[in-house]
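Chains as they are written, first to last, in our numbering: chain A, 182 to 522; chain W, 182 to 522.
We put the CB at the ideal spot given by N, CA and C, even for glycine.
Written below as structure tokens is the structure these notes are about.
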DNA sequence: GATTAGCACTCAACGAAGAAGAGTGCTAAC
DNA sequence: GTTAGCACTCTTCTTCGTTGAGTGCTAATC
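Here is the structure:
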């Protein structure tokens, strides 16, 4: 369904005004704001049309109008001009990423933090799982009387480690033999290609020290499981305290609970990202109990997989700013990571 | 200053009642609750005395009384009976710790989470810095064209690692030589005993590959710096949303900001813990802008150093429960860790 | 001298009633 | 199709009286 030019201007005007003030917008305000050459009465008629079409709603008879979820959707799909970061901001972001390039955890945390600050919404960055990385090296290092450390390294520089129990009198040579067997069997393989059978073959190939081998196997399996997980960093959750729509404590509680609880948050973030920037408005995110939030998310490629980056805020969100910023930050991140792994 | 028995009973009664209901407590309520054999009028006289002494206050003329900060202090110092966990809860806690014994991060997070749940306040666990651990082993592992991984392990099983840049054609033997020099010089030393001079000596002892050595030195210095940091885990921050005193959004914001921001939180936690359980009530924590929170914190020993564990809640806190729980959890944690490192 | 009953008094909390004001929807004129 | 004019609606804010919990004081009682 297409709108004529004047209706578009009015819809946009109401959205911009409402997003800024969080107050219903009246016909006079629309005229004044845009210096339109039509009277308030005409605008009123148009607004009545827009309401009938479902793009606007009225909190109560004879209040101004506010955009409906459908109204935002129309704006986002058909009218929105993305607003992106300034040159200086982009440079700052690049510096932040480069300065932390040695540690993914640092990168995603700092970038998320940047995004939260740039948009004033809650933000997240997801780093893809490492299942496509290649197994590089395994080592077993005795550290204390009864303990040894199993360390595994991937080609992309990820380190995983786990303690295991070993007999106190174990010879270092034994541990080395075991490690060698693992390295020979797994070296160069992608983590997601390592099967249980591979591991069993290693076990069978060695004659002695079965008990220790089992411990190592256990550790390796634990690491492989961990490598499947996508790391996530969240920032700016407290930004939502500034939004007037969440002055209601009950709503606030629900939303903070989601932002604090890893699992809930992951559930909320869209699985597929079709366009450059995916925007989910209000109930389009079907989470039980919460209708009042929107998500803007974009993807970025690294390590042959897809990471995600986005912001979470109220429905009354500056989508133009959020979409542009999320998109740009994702691109910058992708670009710098490309040179790295 | 000492109180007679009846005043104590009345003070305690008011504290317990107020902590539970968050409403000022009247004289009738005190009589009823405790089935005291005196009349409300008598209690009123006593309450007037207690107010004069500074232990109670009145929100406004002719409201009930609420405990003053001094009143809580007196109660905590002179009357409080700590209330601890049940056998079942302690067993659960032990299981939680044992199940995660292989990773400190896991332990402190899970224990903090347990504590938050057990008390319904925000909780934290601080793991001591690792400066007393001993350097065990350093390794340099090439991982990509231009990169190598410097891995250091301590006797207590801590792993630190950092990527460095290396020339693409570097021989593994060179890296091994460098690593050996480090191991020889630093092996067995406590991290806090490793000086800049030690590092410089290593640099001087090697003739070739100065550039790579500098990179490794940089990495080692970075790790040493990191080892000085105390790890902290926080849980249950959302519990404060349930406290009626924080229904005011501005106060809530301030407090959440502290709980979310690592640095602020560390500042808030008492440096010295003299008694088994240190309790700081209201303004006794001098943080600017916030007078309304109390902290209950205890220490535990591990790795030859002191970790901290505690809860943060409103002044209107169940100190008896909090103190007992914090103390017990700290003891259990200390005991299990003792068998480990 | 300590305790208690009785009673006037205080003050927050609640709610009803009225005034103000923003904004609409409709009608009739342009 | 557009606009001016006006009655109407509904929230918000303020005021003002009512209610009720709880005190503090006085005088009587143990």
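query	result
Tell whether a beta-carbon distance below 8 Å holds between residue 310 (chain A) and residue 486 (chain A).	yes
Thinking just about the alpha-carbon of each residue, which of W:185, W:427, W:418 is nearest to the one in residue 298 (chain W)?	W:418
Can you pull the chain A neighbours of residue 334 (chain W), defined as C-beta to C-beta under 7 Å?	322, 324, 330
How would you write the range of the alpha helix (DSSP H) that residue 208 (chain W) sits in, first residue to last?	208 to 215
Could you check whether the Cβ of residue 428 (chain W) sits closer than 8 Å to any Cβ belonging to chain A?	yes
Using a Cβ-Cβ cutoff of 7 Å, what residues of the stretch 356 to 379 of chain W are near chain A? List them in chain order.	none
What is the DSSP secondary structure of residue 344 (chain A), reduced to helix, strand or coil?	strand
Reducing DSSP to helix, strand and coil, say where residue 275 (chain W) ends up.	helix
Quick one: list the residues of chain A neighbouring residue 318 (chain W), beta-carbon separation under 7 Å, in chain order.	322
In the DSSP assignment, what are the bridge partners of residue 414 (chain A)?	A:306
Could you give the distance in angstroms between the alpha-carbon of residue 214 (chain A) and the alpha-carbon of residue 420 (chain A)?	28 Å
Output the boundary residues of the alpha helix (DSSP H) element that contains residue 506 (chain W).	500 to 519
Relative to the C-alpha of residue 460 (chain W), which residue among W:444, W:437, W:483, W:500 is closest?	W:500
Considering only the beta carbon of each residue, do residue 507 (chain W) and residue 479 (chain W) sit closer than 8 Å?	yes
Give the range of the beta strand (DSSP E) segment to which residue 353 (chain W) is assigned.	Residue 353 (chain W) -> not in any beta strand (DSSP E); alpha helix (DSSP H) instead, spanning 353 to 367.
Tell me, please, whether the stretch 189 to 208 of chain A touches the stretch 248 to 256 of chain A by the rule of three or more beta-carbon pairs shorter than 8 Å.	yes
Can you have a look at residue 484 (chain A) and say buried or exposed, based on whether 16 or more other CB atoms are within 10 angstroms of its CB?	buried
Can you say whether residue 343 (chain A) is buried or exposed, counting buried as having 16 or more other CB atoms within 10 angstroms of its CB?	buried
What separation, rounded to the nearest whole angstrom, lies between the Cα atoms of residue 264 (chain W) and residue 496 (chain W)?	18 Å
Taking the alpha helix (DSSP H) that residue 317 (chain W) falls in, what are its first and last residues?	Note, residue 317 (chain W): premise wrong, no alpha helix (DSSP H); beta strand (DSSP E) at 316 to 325.
Would you mind working out which of A:457, A:303, A:458, A:439 sits nearest residue 449 (chain A), comparing C-alpha positions?	A:439
Along the stretch 205 to 234 of chain W, where does the CB come closer than 9 Å to a CB of chain A? Name the residues.	none
By a C-beta neighbour count over all protein chains shown, 10 Å radius and 16 as the cutoff for buried, is residue 193 (chain A) buried or exposed?	buried
What does residue 482 (chain W) pair with, by DSSP beta-bridge criteria?	W:487
At the 8 Å Cβ level, is residue 482 (chain A) part of the contact set with chain W, yes or no?	no
Give the range of the beta strand (DSSP E) segment to which residue 257 (chain A) is assigned.	Here residue 257 (chain A) belongs to no beta strand (DSSP E), and DSSP marks it neither H nor E.
What would DSSP say about residue 460 (chain W), mapped onto helix, strand or coil?	strand
In chain A, which residues lie less than 9 Å from residue 343 (chain W) when you measure between Cβ atoms?	283, 284
In the DSSP assignment, find the beta strand (DSSP E) that holds residue 335 (chain A) and state where it starts and stops.	328 to 335
Nearest to residue 393 (chain A) by alpha carbon, out of A:428, A:354, A:433?	A:354
Flag this pair as touching only if the stretch 368 to 387 of chain W and the stretch 315 to 324 of chain W have three or more C-beta atom pairs under 8 Å; answer yes or no.	yes
What are the partner residues of residue 338 (chain A), as DSSP defines its beta bridges?	In DSSP, residue 338 (chain A) forms no bridge with anything.
Between residue 244 (chain W) and chain A, is any beta-carbon pair separated by less than 8 Å?	no
What does residue 392 (chain W) reach in chain A if we use C-beta pairs closer than 7 Å?	Chain A residues near residue 392 (chain W): none, gap ~18 Å exceeds 7 Å.
Establish whether the CB of residue 438 (chain W) and some CB of chain A are separated by less than 8 Å.	yes
Residue 294 (chain W) by DSSP, collapsed to three states: which one?	helix
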